[in-house]
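Single-structure report; data block below.
Number of protein chains: 2
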Amino acid sequence: MSRRKVRLTDVAAAAGTSAKTASRVLNGDPRVAVATRARVERAIAELQYRPDPLARSLRKGTDETIGVVIDSIADPFFASVTSEIEKVAFANGLTVTVASTGRSADRERLLLDGMVRRKVAGVIVAPASLNHAYLGGASCAVVFIDRGPVALDVDAVLVDDFHGARTAVAHLIAHGHRRIAYVGDLLNMQTADQRLAGYRAAHAAADLPVDESLIAADCSEIADATERAGQLLARPDAPTAIFTANTRCSMGVAPALHALSRTDVALVGFGDFLMAASLQPAVTVIDHSPEVIGQLAAERLFHRLAGSGEPSRRIEAPLRLIVRGSGELPPSTPVRRDN
Amino acid sequence: MSRRKVRLTDVAAAAGTSAKTASRVLNGDPRVAVATRARVERAIAELQYRPDPLARSLRKGTDETIGVVIDSIADPFFASVTSEIEKVAFANGLTVTVASTGRSADRERLLLDGMVRRKVAGVIVAPASLNHAYLGGASCAVVFIDRGPVALDVDAVLVDDFHGARTAVAHLIAHGHRRIAYVGDLLNMQTADQRLAGYRAAHAAADLPVDESLIAADCSEIADATERAGQLLARPDAPTAIFTANTRCSMGVAPALHALSRTDVALVGFGDFLMAASLQPAVTVIDHSPEVIGQLAAERLFHRLAGSGEPSRRIEAPLRLIVRGSGELPPSTPVRRDN
DNA sequence: ACCACTCGTGACATCGATTACCTACCCAGC
DNA sequence: GCTGGGTAGGTAATCGATGTCACGAGTGGT
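Going down the list, the sequences are from chains A and B.
Note that this note's numbering gives residue 213 to position 213 of the first sequence, counting from 1, and the numbers run on in steps of one.
Plus 1000 on top of the position in the second sequence (first one is 1) and you've got this note's numbering.
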């Protein structure tokens, strides 16, 4: 009740000093006599004073908030990343503001612009745009995740999309598959592009030709992946295996296989997901732990905020193949006529 | 480059007027001559001026931000809710700050306190504490989700936990089950409490006794649910069906059944989840769409912000039973000796 | 011709804290 | 005794926008 509006001047008055000195105590300025400091601290405790973050931000020109800009909060991958960032931020006493781009470059700019204007201490961004030079003038720390910065020199926490995809596809090839479909995101996404390159590289390494018609690189939603998987499998020359280039696609393709009872089609996905181990067959994946990515990104950001001046780095989050069954199925030879 | 620090006074100067008048134009004050307004508007456009949200908040005493306080962003249910809230907020030009309580009442207070101090326009809270009187003094709009407010008169968007659970369990009973386990959250959660009550009511309605030893109400994490399911099924008098009282528990129990190859045990879960339809058997659930809850909550909040003075309401989000297979399995009579 | 009023505007205080700059004092050293 | 230097603390400007209030110019009624 009574706690309405306790200002710094109130504290100062109670401590019999001026606002400036109270402010010094608050900010840990050493030039304050111990006795005075004690009086101020007692006043703060008694009045339950807490500084107004808005006023402080306005004056200091920096807010104790970190912004997180991602594709969608509903995407389990980004949800986990965000959750981890929030944990680290909370531990450091900062708050987190999230906003989702829905993969729109315009919206990314809009959101980041707003955050910069709000003077956030830093931002962690999964970019949707293709050129980030516009962030150059920003005075806050920036860390990119999932996709790297273009035309901008900042830290990034990424995974080795190329090698991850290559490993996944090589795994399928090693199990005898020759006709492997690619189901992934639109290629204007850096990650998608790299993963498709990995898919091709795996083929090249095994001297296998790539059948371009098996490449479905236009699945931005779960439903798209489901639909494309259905189409691919309906073909007379259907693939015997599918590589899904991201979690969303895996979560679209797995149900499609299930719905068609195609337990004979091998599947390896990029990105682990809940229930992947309990599907029939369990889904083999290349796991890039969102928790680790979130943590690395947040730590990197705080490192910067603490004033590290080191040159920016691209940090690589670990990848590992989790063998569960779906990726080890042998190629089936269904109704075939030729060959 | 040049856009650094365009202040209202700069705009005013460019338009040959005073800051106050420029401010009037910005805030749509009608008392401005059309000519002046035009000049100011042109200056704004030319200088690409955008008001400083911090300064504005400080002065107006309210921030264009809404706070979302939930258990965990990593929880798919809350992630979806949050995502929906963020969509609505973005559409209204507000930003969203999220923070997770990890189910700690202390942390809930801490977080909400911080948000209120930040003068957020409103908060949407999935409470962890058991008494919310402390929010009474807050000057911002408040909407509760998932769990209702206690000792506080604000809007809430809830689901009918009692009837949902009752329906789910009645469904299992209708399919012949007599020994139905309950796997759920700690009972100090309102929702858990109500759902267990629904479980009991369904038994009572069918004149079935409740075997208290089949009630595992201490699973706050996915792993807990997995473990408890394993224990329950290892008993000589194992249940023939399981009701999981929330998504987390469903996601723990389903893999447990799968790992034990117990495709004979029926399962109905409270809350839908990704892949539920693709598990073997597909999981029958009582669905309470997080999207709908998030949207209703956000809309309600904006309704309040728009100045609605109506008395607070408890809005009920719809529930529906999604029949998929796991809930319709007949009771199996495994290695039984008695009866 | 004068009062009463509205209309468009600007000067100045204000939101709550921080910072630049300056004072007062104490003690050492010449 | 006076200067120099360091320390504790105060005063006022500042961050950027908005609220208060007052002021000059038209307008219309009498």
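By construction, the Cβ of each residue, glycine as well, lies at the ideal position given by its N, Cα and C atoms.
Residue i to residue j span [Cα, whole Å]
i	j	result
A151(A)	R300(A)	20 angstroms
M1189(B)	V1069(B)	16 angstroms
G1269(B)	P1281(B)	13 angstroms
N339(A)	R178(A)	With a pLDDT of 44 at N339(A), under the threshold of 50, the modelled position of this residue cannot be trusted; read the value that follows with caution. N339(A) and R178(A): Cα-Cα distance of roughly 13 angstroms.
G1016(B)	Q1048(B)	17 angstroms
R1336(B)	D1237(B)	Low confidence applies to R1336(B): its pLDDT is 44, below 50, so where it sits in the model is not reliable enough to give any reading.
D1224(B)	A79(A)	22 angstroms
V1142(B)	P330(A)	56 angstroms
V1265(B)	D1287(B)	20 angstroms
I1066(B)	D211(A)	50 angstroms
I1315(B)	D1193(B)	19 angstroms
S1002(B)	A133(A)	With a pLDDT of 44 at S1002(B), under the threshold of 50, the modelled position of that residue is not reliable, and the figure given next carries that caveat. Cα to Cα, the separation comes out at about 15 angstroms.
G136(A)	V292(A)	27 angstroms
L110(A)	A55(A)	24 angstroms
D1146(B)	P149(A)	39 angstroms
A1033(B)	T1021(B)	10 angstroms
T1036(B)	R1024(B)	11 angstroms
M251(A)	I222(A)	6 angstroms
A1121(B)	T167(A)	49 angstroms
V1011(B)	K119(A)	21 angstroms
A99(A)	V81(A)	13 angstroms
L1279(B)	E1064(B)	43 angstroms
L1008(B)	S1018(B)	9 angstroms
L1319(B)	F1144(B)	18 angstroms
A197(A)	S1261(B)	39 angstroms
D1207(B)	A1201(B)	10 angstroms
F1302(B)	R248(A)	32 angstroms
P209(A)	S332(A)	19 angstroms
Paired residues, beta bridge with residue i - DSSP
i	result
E316(A)	L158(A)
A1019(B)	None; A1019(B) has no bridge partner.
Y182(A)	I215(A), F243(A)
G122(A)	I66(A), A141(A)
V98(A)	V68(A), V1096(B)
F1273(B)	Partner(s): none; F1273(B) has no beta bridge.
I1322(B)	V1285(B)
A266(A)	A241(A)
Rounded distance between the beta-carbons of residue j and residue i, thought under 8 angstroms
i	j	result
A259(A)	L267(A)	No, A259(A) and L267(A) are not in contact; Cβ-Cβ is about 14 angstroms, not under 8 angstroms.
A138(A)	E108(A)	Rounded, the Cβ-Cβ distance is 13 angstroms, inconsistent with contact.
A234(A)	I85(A)	Actually they do not touch by this definition, with Cβ atoms about 42 angstroms apart.
L321(A)	H203(A)	That pair is no contact at about 18 angstroms.
V88(A)	A317(A)	Actually they do not touch by this definition, with Cβ atoms about 15 angstroms apart.
A1256(B)	G1230(B)	5 angstroms
R1195(B)	D1160(B)	Actually they are not in contact, since the Cβ atoms of R1195(B) and D1160(B) sit about 10 angstroms apart, beyond 8 angstroms.
A165(A)	Y199(A)	5 angstroms
Near the ligand FAD: residue i beta-carbon under 7 angstroms from a heavy atom
i	result
G1309(B)	Among the ligands in the structure shown, none appear at all, so the ligand FAD cannot be discussed.
Counting pairs of Cβ atoms below 8 angstroms between the region 20-29 of chain A and the region 60-71 of chain A, do you hit three or more? no
What residues in the region 1236-1255 of chain B bring their beta carbon closer than 9 angstroms to a beta carbon of chain A? M1251, A1254, P1255
Which residues of the region 1069-1084 of chain B have a Cβ closer than 7 angstroms to any Cβ of chain A? Give them in chain order. S1072, I1073, A1074, P1076, A1079, S1080, T1082, S1083
Counting only Cβ-Cβ distances shorter than 9 angstroms, please list the residues of the region 320-331 of chain A near chain B, keeping chain order. none
Between the region 74-89 of chain A and the region 43-54 of chain A, can you find at least three pairs of beta-carbon atoms closer than 8 angstroms? no
Output needed in chain order: residues of the region 256-285 of chain A with a Cβ under 7 angstroms from some Cβ in chain B. H258, L274, M275, A277, S278, L279, Q280
Pull out every residue of the region 51-65 of chain A whose Cβ sits closer than 8 angstroms to any Cβ of chain B, in chain order. D52, P53, L54, A55, S57, L58, D63, T65
How do the region 1300-1319 of chain B and the region 1272-1279 of chain B stand: do at least 3 beta-carbon pairs fall below 8 angstroms, yes or no? no
Check each residue of the region 92-126 of chain A: if its Cβ is closer than 7 angstroms to any Cβ of chain B, include it; give the result in chain order. T95, V96, T97, V98, A99, S100, G114, R117, R118, K119
Any contact of the region 316-335 of chain A with the region 113-125 of chain A, i.e. 3+ C-beta pairs under 8 angstroms? no
Give a yes or no on contact between the region 87-98 of chain A and the region 150-166 of chain A, applying the rule of three or more CB pairs nearer than 8 angstroms. no
With a cut-off of 8 angstroms, do at least 3 Cβ pairs link the region 1230-1244 of chain B to the region 1170-1185 of chain B? yes
Along the region 1288-1306 of chain B, where does the CB come closer than 8 angstroms to a CB of chain A? Name the residues. none
Determine which residues of the region 1133-1167 of chain B have a Cβ less than 9 angstroms from any Cβ of chain A, and write them out in chain order. G1137
Between the region 1021-1043 of chain B and chain A, which residues of the former have CB atoms less than 9 angstroms from a CB of the latter, in chain order? none
What residues from the region 210-238 of chain A come within 9 angstroms of chain B, judged by C-beta to C-beta, listed N to C? I222
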